[in-house]
Each structure stands twice: as C-alpha cells, then as structure tokens.
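Structure, as structure tokens:
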Amino acid sequence: MNRLLLPTGLFLLAILAAVAASSPPSTASWHLTSESETLVPDATLRAQIFRALDAAEHAGTDPSISHFKVRAATVVTVDGEDHVVLGGNTEYEVPEAIHGESSLLNHVTSLYGPDATRHAVRFVAFFSEHCGAGASCGDCRDYQHAVTDYQRLLVVCGQSSDHTVRISRFADQLVEEEKFPMASPESVPITAAELERLTRAASEARLGGVTLFSTTRHTGAAGLSYTGKIYRAAGGDDAAFHYRYPIGGLLQQADTERDYYLRAIVVVGEKGQWPVVSYRDRQYGFESSSFNHEAGKLPIALILADGLGHYRATTFEAALPHAFSTAEFMPQAVKDFLASHTPTAK
Ligand SMILES: [Zn+2]
Numbered sequence: 054m055n056r057l058l059l060p061t062g063l064f065l066l067a068i069l070a071a072v073a074a075s076s077p078p079s080t081a082s083w084h085l086t087s088e089s090e091t092l093v094p095d096a097t098l099r100a101q102i103f104r105a106l107d108a109a110e111h112a113g114t115d116p117s118i119s120h121f122k123v124r125a126a127t128v129v130t131v132d133g134e135d136h137v138v139l140g141g142n143t144e145y146e147v148p149e150a151i152h153g154e155s156s157l158l159n160h161v162t163s164l165y166g167p168d169a170t171r172h173a174v175r176f177v178a179f180f181s182e183h184c185g186a187g188a189s190c191g192d193c194r195d196y197q198h199a200v201t202d203y204q205r206l207l208v209v210c211g212q213s214s215d216h217t218v219r220i221s222r223f224a225d226q227l228v229e230e231e232k233f234p235m236a237s238p239e240s241v242p243i244t245a246a247e248l249e250r251l252t253r254a255a256s257e258a259r260l261g262g263v264t265l266f267s268t269t270r271h272t273g274a275a276g277l278s279y280t281g282k283i284y285r286a287a288g289g290d291d292a293a294f295h296y297r298y299p300i301g302g303l304l305q306q307a308d309t310e311r312d313y314y315l316r317a318i319v320v321v322g323e324k325g326q327w328p329v330v331s332y333r334d335r336q337y338g339f340e341s342s343s344f345n346h347e348a349g350k351l352p353i354a355l356i357l358a359d360g361l362g363h364y365r366a367t368t369f370e371a372a373l374p375h376a377f378s379t380a381e382f383m384p385q386a387v388k389d390f391l392a393s394h395t396p397t398a399k
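Heads up, the sequence shown is in the working numbering, so the first residue is 54 and it goes up one at a time.
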C-alpha cells in the first residue's frame, strides 16, 4: 500500500492527540466565584469539584422533549480512592424524565452502596451552558433530602462559557414545615368560614386515599378556586411505587374542569401533628401558582392545619425556594394556553 495514500484523517488525529497530550488539564481553567470560595476552603474538595465538572461535560443525556441537558457528576472517596460518578437526564413519552441528580445518586448507590451515597457524596456538580438561579425540582429535592447527608451537601454549577463555578448549600433549597409562619383564621387570605370548609374537606379526604405502604405520612388536601369550588384529594400509593400526591391530585381535578386559578390549599395530617408537604407536591403547587401570577392574582396560600385549631400559612413560592416553572421557560406558551383554556364568562 502506498504510504502517500494514508488517509489524511488519521494524520490529523495523530496531530490532535499530540496537542491534547501537551495541553494542561482543563481543571486548571475552572475558577470559583468569591462567595463560593468561602463555602469550599478545602483544596482537596475543590480539586474533586473541578474533576467532576470536567467529567460532567461528557455525561450522556437524552432530553428528547425539552432538549435541556442536565449533566451531573460527583467524586466519592471509597476505601481511600477517588471515583468519578456521572448522571444525566432522560425524557420519555409524556413529559416524564429520569432527572440528572437522581440518576447520579442512584449510580453512586448501584456502584458503592447506600452508605456511600449518604456519607461520601459531598457535592452534586452540574456542567451547564448557563448557571441561573433555578435549583432542583421538588422530586429531586425529596430524593436528595432522603438519601444524602443533606445538611452538608453542596450544589455546584460550572458554567461552560467562562468556566466560573458557583456553589451553594443544598439545604438552602429546603424549608421545613415548622418554619412556615404560624397563622390565624384572621391572617390568612380567605375568610374564617372558607378556612373551616377547606379544613373539613381536607380532613375528610384524608380518611380516603390508599395507604398500603405510606402509613405514617398520610395527608389530605383541599383547595379553593376563584370560582368558589373546592377540590380535594388524599395520597395514594401502589405496587409500582408511583405515589400520587394530594396537592397534585386536587390540582389535576381543578385543571380538568379548566378551573386553573386557586386561592388557597389546606393540608392536614394526623391529628395533633403538622402535615409533611413533600417537595414534589410543592412543585405542583408552585406551577399552579405561577398561573395565578400570570393572571395578576395573588399566589396560592398554602395552609397547614394540625387538627387542633392551629394553622401555619405560607406560599409555594416561599416553600420551594429557587424553583422553576413553565411560566419561566415558555412564558408566551403559558399565556396562550391559559387564554385559550379559560372558559368564557357568559
Ligand atoms: Zn429533578
């Protein structure tokens, strides 16, 4: 074979390989913002973060619907050795997805066990085109809260364009129910009679639902719409572990009736206890409240009742800090949707 006819591609590859070998590792180009530097003073942890960001760039994803890639990575130290673990989002059929951070933590568990996920995962790093203010969705907050040492967990975003690295505490994405302000029937944005009706409806809803697995955290919820209707639902579990959430359930009923704007939602749990409102359910409420915002209405009031006449009240905006909704990604589509789906007044 004539050597002169060697494919030029191979030659180019050889040159590229030589250039790559002589380049400094790209980790050197990541730099922390000054606020992030104070959060991570430890040089070893910084090096692990930069290593994870380099790896995250190549995490495989399949966001066939949104085309929004979530590329995540972490470095865990197991038996004195550092390991990079990747996660990426996959979207399928109706808008459903395996999310980047859930995928990542599940990979850590499959490779090194649940103890490694709880004790060795110090951070979740995202390689992103743009590091905005948005944090994890509600469900990923529930998952990270449940399986990691979440008080210590850091969230890292490395911006691809300029390689700045922003770090925050995962705990800043959480607001425990006990932190919701105490309220009275006079202080909430519905009348005392409406509050009583909603509390009763939520308590009755809680008698139902399906609780074959979820015995301790069962809740009922009731929502009042601007048209004066009440929708209610209780949590329901099943063998496939696709839990149906009470707030999501009542909102779906209201949406089905094209009754898109709610004034208040009351949640009740076991008598004498404050109900737990999962972050996933807060995400449903936040999305719905963004419709209110779009229509110039007050945000939905989220009210917890302990069954003994005490209340706490907040908003989904406050209960799910740094959240995102379709109103933010596609404002015009949401505007058009609501305009075309709102029943016309007769
Ligand atoms: Zn998520």
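Virtual Cβ for every residue (Gly too), placed ideally from N, Cα, C.
Query                                                                                                                    : Result
Integer Cβ distance of Val-263 from Gly-289, believed to fall under 8 Å                                                  : 4 Å
Neighbour-count burial assignment, Ser-76, 16 or more Cβ in a 10 Å radius                                                : Since pLDDT at Ser-76 reaches only 44, below the 50 mark, its modelled position is unreliable, and the value read off the structure follows with that caveat. Classification for Ser-76: exposed.
Gln-385 (DSSP reduced to helix, strand or coil)                                                                          : helix
Sequence-distant residues of its chain with Cβ nearer than 8 Å to Thr-368 (five each side left out)                      : Ser-342, Pro-352, Ile-353, Ala-354, Leu-355
His-295 Cβ short of 6 Å to ligand 1 heavy atom set                                                                       : no
3-residue-minimum beta strand (DSSP E) runs that sit fully inside the region 184–234, ordered along the chain            : 207–212, 217–222
Val-329 versus Tyr-298 - alpha carbon distance                                                                           : 11 Å
Sequence ranges, beta strand (DSSP E) only - wholly within the region 283–318, length at least 3                         : 283–287
contact_flag[the region 160–167, the region 80–92] where n(CB pairs < 8 Å) is 3 or more                                  : no
Cβ contact check for the region 173–185 and the region 358–367: 3 or more pairs under 8 Å                                : no
Cβ-based neighbour list, Leu-373, same chain, cut-off 7 Å, excluding 5 preceding and 5 following                         : Gly-191, Tyr-332, Arg-335, Gln-336, Phe-339
Beta carbon of Ala-366 nearer than 7 Å to that of Ala-286                                                                : no
Candidates Gln-385, Gln-197, Tyr-145, of which the one nearest Thr-170 by Cα                                             : Gln-197
Assumed close pair Gly-141, Val-123 - CB separation to whole angstroms, cut-off 8 Å                                      : 7 Å
Contact test: Cys-184 Cβ vs ligand 1 heavy atom, cutoff 6 Å                                                              : no
For Gly-153, the three-state DSSP class (helix, strand or coil)                                                          : helix
Three-state secondary structure assigned by DSSP to Gly-141                                                              : strand
beta-carbon His-152 near ligand 1 non-hydrogen atom, thresh 6 Å                                                          : yes
Cα-Cα separation between Leu-106 and Phe-179, rounded to whole angstroms                                                 : 7 Å
Buried or exposed (CB count within 10 angstroms, at least 16 for buried), Ile-68                                         : Any reading at Ile-68 is ruled out, since the residue's pLDDT is 38, under 50, leaving its predicted position unreliable.
Through-space distance from His-394 to Met-383, alpha-carbon basis                                                       : 17 Å
Neighbourhood of Leu-315 by C-beta distance below 7 Å, restricted to the same chain and skipping five residues each side : Gly-276, Leu-277, Ser-278, Ala-307, Ser-341, Ile-353
Three-state secondary structure assigned by DSSP to Phe-121                                                              : coil
Ser-365 - DSSP class collapsed to helix/strand/coil                                                                      : Per the sequence shown, residue 365 should be read as Arg rather than Ser. Here Arg-365 sits in strand by DSSP.
Burial state of Glu-154, where buried means 16 or more other Cβ atoms lie within 10 Å                                    : buried
Distance CB(Val-138)-CB(His-111) smaller than 7 Å                                                                        : no
Any non-hydrogen atom of ligand 1 within 6 Å of Cys-190 CB                                                               : yes
Near ligand 1: Ala-210 beta-carbon under 6 Å from a heavy atom                                                           : The identity of residue 210 in the sequence shown is Cys, whereas the question assumes Ala. No.
Proximity winner among Ala-199, Val-241, Gly-187, Pro-238, relative to Val-208 (alpha-carbon distances)                  : Gly-187
Own chain residues within Cβ distance below 8 Å of Glu-230, not counting five before or after                            : Trp-327, Pro-328, Val-329, Val-330, Leu-357, Arg-365
Pick from Gly-113, Leu-98, Gln-305 that is closest to Asp-135, judged by C-alpha positions                               : Leu-98
Euclidean distance between Cα positions of Gly-185 and Glu-247                                                           : 39 Å
Those residues which DSSP pairs with Gly-273 across a bridge                                                             : Ala-287, Val-321
For Ala-380, the three-state DSSP class (helix, strand or coil)                                                          : helix
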